[in-house]
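Engineer: Next up is a structure, given as structure tokens.
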Amino acid sequence: MNNKNNYVLEMKKISKRFPGTLAVDCIDFNVKAGEVHALMGENGAGKSTLMKILAGLYNDYSGEIYIAGNKVELYSPYIAKTEGVGMVYQELSIAYNRSVQENIFAGDIPGNGKFVDMKKLRSKTLNALSRVKLDKKIEPSTLMKNVSQHESQLIEMAKVLKDKPRILVMDEPTSSLSSTEVNMLFDIIEELKKDGMAIVYISHHLHEVFKVSDRVTVLRDGKKISTCDISEVTKEQLVEMMVGQKVTDFYKQHAYQDKGKILEVSNLTRYGFIHEVSFQLSKGEILGVVGLAGAGRTELGRCLAGADKVDYGEIILEGEKIKLGSMNKMLSKGIAYLTEDRKLEGLALRLPNKVNILSSIISRLSRFGIYFPSKGKGVLTELYQKLSIYPPDPNVGTSNLSGGNQQKILLAKWLSTKPKVLILDEPTRGVDVGAKKLIHETIVNLAKEGVSVIVLSSDLPELVSLSDRVLAIKQGRIIAELQEEIDENKILLAANG
Amino acid sequence: MRKFNDIFKFKKCERSVLFNNLNSNRIYVFAVLIIVIMTMTKPEFLGSGNIVPMIKTSLLPIMVGIGFTYVMIAGNFDLSVGAVINVGAAVVMGEFNRFFAIFGGDAGGTKAIVFAWIIAFAIAILAGIIIGLINGLLVAKGKVHSFIVTIGMLTALSGFVYTYCKGNTISADNSLFVNVLEKSLINIPYLKVLTIRFVICAIVLIFFEILLLRTKWGRSLLIVGSNKEAAWHSGIDTDKKIILSFVISASTATLAGMLFAISMNAAVPNYGERGINPLMLVLASTIIGGTVMTGGSGSVVKTAVAVLSIQAIFNGLIMNGLGFDVQVLAAGILLALVVIYESYSIYKQVLNKGVRVAAELKEKRKKLKQATTT
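Below, the structure is given as structure tokens:
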């Protein structure tokens, strides 16, 4: 037994390799009983991967894990669960058509013999709900689809807690909560701490970490930077640890001159997602939009592009009020939106590249309703040169391309429409460094040509190097605007509100 | 103006709770409505001479609907049921004739008849179970879409039945049992419907309703259908549940086909290929009966009520002097309406949720404002 330090969880020299990258590189991590240990880092730092190893989702990690002093091998979610690891996921897995009680006790519904005992199920559910202080608010038989997001998060927690785990992992538990709800969550965490539970708390929100945690571990690029008591560090120090040394002038900052307003958005609202968002955009400006997960960043982009229905609000493009409508309509007015999920929403992977690129301008290449793909040859060669897409043959199937080149194809698809306003949602997600640089150069060149670009991104260096102005969005509202001397620390602090 | 709009929408979403409850039990409202309309146009509609045959013809689709509902609840489709009915019918008849001959034919007496029927029953049900297993394994383990698997199965089985019957109608060589199955137990006008076939059907229906709603197994199946991923993370063996749902579907369809063939004393290889296909009838009934097309919610009894309602529509149309063509049209329009309505209500739900969140936020802001002013 080597739990002389009272560690409930010890992870020693944990590594996990994904094709091409070492996602987690030799990390030591431990948690005491009755402690909240915050895990911080930028996107891609390895937090989620480390915790997924703990939850048993990967069976090919290297290193040793001890729970309460005993060595365990967490090769499946079920083993992890029986060893006492409880994980509240960022994306909730909810059976929306079923009731609260069935969701909590899915897998082991109480009853006598083969039959379900509804009374027992109800009382047990109330018992589980009381740990998250919902027992007086929610009737166990309510359908899950009629429960609010905040409540379903707590219900998910109740579901994990009913198995009496030793270690509770919470991955961004507050991403979709309002401040009062966050305080309620903290009360619950405080109570669990008193019961001696070891809690791992993953969050981007600095003030939450300072409020709730005892110790903090910072990861960067798959490596552990430091573990320290929360009382020993300041906000600024933490941010510096997360961001690391500045990659100075990796891309040249785009010098932008005001060429006049092109887009004016006022009071754009989609109930439950974005609320009364107003901003202006100049010609040739690159506007960065930053926000934590669930802040409404993507939703803003989708609403502007007409992909989602807007409940009210106005969009004025070049002094002309646009009737909010479909994506097609917006495209014809010159607003294009590049989705963050290129595989699901962006590209038809099985089709050749030329079809993918030209798919957005079919009507322009048609005469009298007949489509002439040969007319698009000029567009294709131009875009292929501009973006140096490899392989340079437009007949190749898109699925054969690397992630970076697929992203270039997606960008080419929207560039072919010659947009006035280009909305890019995570333009360089899952893209190698070379392609990233090229995409960034393309964006800057576009801006020089007078196209206005809105970059929605969670990649801070990207926002710093590209944007002329950054809007921070939180809970669907714009909470800050950064104009001059943008750096990562400022953006991170702004996004945290 | 906007304020007014918000308040209006908020109230609308309060109303939606009542609406949701009504919506989940819509089939009962629908059934009552049809009965009222049909009785108003033709009072004879409620006569025992009309009701009894109507229920008797509904027994086949009701039985098939049980398994079909199970599969749909688990999030899949079983389109092979149409052919499985014919397999059940043909196999039970064919095997009876074969074993009846082996046991000595009419010379063997009642004993030979009973034994032959038992063996034929066993073989037919076994065939059904095997078909269900193949479907289920291909869907759950082979990860092939259920549409493809079961349509393939449908085609293959149709071919099998034709070969098995050699294109002919098969009748039992001894019709003793046939009469027993179809004879009314009580000779009172409305209760004439109580035949052994009816009783079997009712027992199976109630058994599967209880299995679905009152047992751990059934409840787990509902969760699997609602969110497979969540169910798997909760330690439910999702593959096993899906396979079993297909087995139930194929077995109930076989049983339905067997009972139908015996009561008619004829197994027709192309039953359902002309006229209203039992598959389409069952599909429509399951959806109209409130089973969610993506899985996770539904009820066997509601499907049965939906079958009866649709039969009542057909029946009423005939009584009002309309032909077969109008029946098919009516069934099609009804199904289309329900499907459109389903997708509309999903859209509505999302909208309501958004409006509600906005209303909650507004309330909070109001409270904050009050707190700051005082």
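Heads up: the sequence lines are chains A and B, in that order. At position 420 of the first sequence the residue is numbered 805 (the numbering used here), and the sequence of numbers has no breaks. At position 200 of the second sequence the residue is numbered 201 (the numbering used here), and the sequence of numbers has no breaks. Beta carbons are placed, not taken as given, at the ideal position from N, Cα and C, and that holds for glycine.
Does the distance from the CB of residue 86/B to the CB of residue 267/B come in under 7 Å?
Structural biologist: Result no, Cβ atoms of residue 86/B and residue 267/B do not sit closer than 7 Å.
Engineer: Using the Cβ count rule (16 or more neighbours within 10 Å means buried), how would you classify residue 687/A?
Structural biologist: buried
Engineer: Taking 6 Å as the limit between beta carbons, can you name the residues of its chain near residue 648/A, skipping five residues before and five after?
Structural biologist: The beta carbon of residue 648/A is closer than 6 Å to those of 666, 702, 806 in its chain, skipping five residues each way along the sequence.
Engineer: Determine the contact status of residue 423/A and residue 601/A, defining contact as a CB-CB distance below 7 Å.
Structural biologist: yes
Engineer: Bridge partners for residue 664/A per DSSP, in chain order?
Structural biologist: 650/A.
Engineer: Apart from the five residues on each side of it in sequence, which residues of its chain come closer than 8 Å, Cβ to Cβ, to residue 278/B?
Structural biologist: 83
Engineer: Would you say residue 228/B lies against chain A (beta-carbon separation less than 7 Å)?
Structural biologist: yes
Engineer: Which residues does DSSP pair with residue 613/A in a beta bridge?
Structural biologist: Beta-bridge pairing links residue 613/A to 601/A.
Engineer: In its own chain, which residues sit with a C-beta less than 8 Å from the C-beta of residue 632/A, not counting the 5 before and 5 after it?
Structural biologist: Any reading at residue 632/A is ruled out, since the residue's pLDDT is 45, under 50, leaving its predicted position unreliable.
Engineer: What residues of chain A sit near residue 246/B, judged by a beta carbon separation below 9 Å?
Structural biologist: The contacting residues do not exist; residue 246/B stays about 16 Å from chain A at best.
Engineer: From 789/A, 796/A, 842/A, 826/A, pick the residue whose C-alpha is nearest to that of residue 811/A; which is it?
Structural biologist: 842/A
Engineer: Assess contact between the stretch 59–66 of chain B and the stretch 301–311 of chain B, defined as three or more Cβ pairs (one per stretch) separated by less than 8 Å. Is contact present?
Structural biologist: yes
Engineer: Which residues bound the alpha helix (DSSP H) around residue 240/B?
Structural biologist: 239–265
Engineer: Ignore the nearest five residues each way along the sequence and tell me which others in residue 187/B's own chain have a CB closer than 6 Å to its CB.
Structural biologist: Take residue 187/B, set aside five residues on each side of it, and the residues of its chain with a beta-carbon closer than 6 Å to its own are 195, in chain order.
Engineer: Between which two residues does the alpha helix (DSSP H) carrying residue 535/A extend?
Structural biologist: 534–546
Engineer: Restricting to Cα atoms, I'd like to know which of 131/B, 47/B, 59/B, 54/B is closest to residue 309/B.
Structural biologist: Comparing Cα-Cα distances from residue 309/B to each of 131/B, 47/B, 59/B, 54/B, the minimum goes to 59/B.
Engineer: For residue 162/B, tell me which candidate among 229/B, 90/B, 176/B has the shortest Cα-Cα distance.
Structural biologist: Ranked by Cα distance from residue 162/B, the options 229/B, 90/B, 176/B are led by 90/B.
Engineer: Consider the Cβ of residue 501/A: report whether some Cβ of chain B lies at a distance smaller than 7 Å.
Structural biologist: It does; some Cβ of chain B falls within 7 Å.
Engineer: Along the stretch 532–543 of chain A, what residues have a CB closer than 8 Å to any CB found in chain B?
Structural biologist: Within the stretch 532–543 of chain A, contact with chain B at the beta-carbon level (separation under 8 Å) is assigned to 533, 534.
Engineer: Report yes if the CB atom of residue 247/B is closer than 7 Å to the CB atom of residue 137/B, and no otherwise.
Structural biologist: yes
Engineer: Keeping to the same chain, check which residues put their C-beta closer than 7 Å to that of residue 296/B; ignore five residues upstream and five downstream.
Structural biologist: Here the set comprises 73, 74, 75, 76, 226, 227.
Engineer: Looking at chain B, is there any beta carbon in it that lies within less than 7 Å of the beta carbon of residue 727/A?
Structural biologist: no
Engineer: Would you list the one or two residues that DSSP bridges to residue 402/A?
Structural biologist: 407/A
Engineer: For chain A, find out if any of its Cβ atoms is closer than 7 Å to the Cβ of residue 217/B; answer yes or no.
Structural biologist: yes
Engineer: The alpha helix (DSSP H) with residue 883/A in it runs from where to where?
Structural biologist: Since the first residue of chain A shown is 386 and the last is 882, residue 883/A is not available in this structure.
Engineer: Thinking C-alpha only, which one of 319/B, 311/B, 38/B, 238/B is nearest residue 218/B?
Structural biologist: 238/B
Engineer: For a test of the three-state rule: what should DSSP assign to residue 299/B, helix, strand or coil?
Structural biologist: Assigned with DSSP and collapsed to three states, residue 299/B falls in coil, not helix or strand.
Engineer: Does any CB atom of chain B fall closer than 7 Å to the CB of residue 568/A?
Structural biologist: no
Engineer: Quick one: what does DSSP say residue 216/B is sitting in, helix, strand or coil?
Structural biologist: strand
Engineer: Does the contact criterion of 3 or more C-beta pairs under 8 Å hold for the stretch 397–414 of chain A versus the stretch 442–461 of chain A?
Structural biologist: The count of Cβ pairs closer than 8 Å, one atom from the stretch 397–414 of chain A and one from the stretch 442–461 of chain A, reaches three, so the stretches are in contact.
Engineer: In three-state terms, what does DSSP make of residue 737/A?
Structural biologist: strand
Engineer: Run through chain B and tell me which residues come within less than 8 Å of residue 491/A, C-beta to C-beta.
Structural biologist: 221, 224, 231, 232, 235, 237
Engineer: Starting from residue 482/A, find everything on chain B with Cβ-Cβ shorter than 7 Å and list it in chain order.
Structural biologist: 227, 293, 297, 298
Engineer: Hey, residue 489/A and residue 543/A: beta-carbon distance below 7 Å or not?
Structural biologist: yes
Engineer: I want to check one thing, is the minimum distance from the CB of residue 444/A to the heavy atoms of the ligand HEM below 6 Å?
Structural biologist: In the structure shown, the ligand HEM is absent, as is every other ligand, since no ligand is present at all.
Engineer: What are the residues in the stretch 454–468 of chain A lying within 7 Å of chain B by C-beta distance?
Structural biologist: 462, 463
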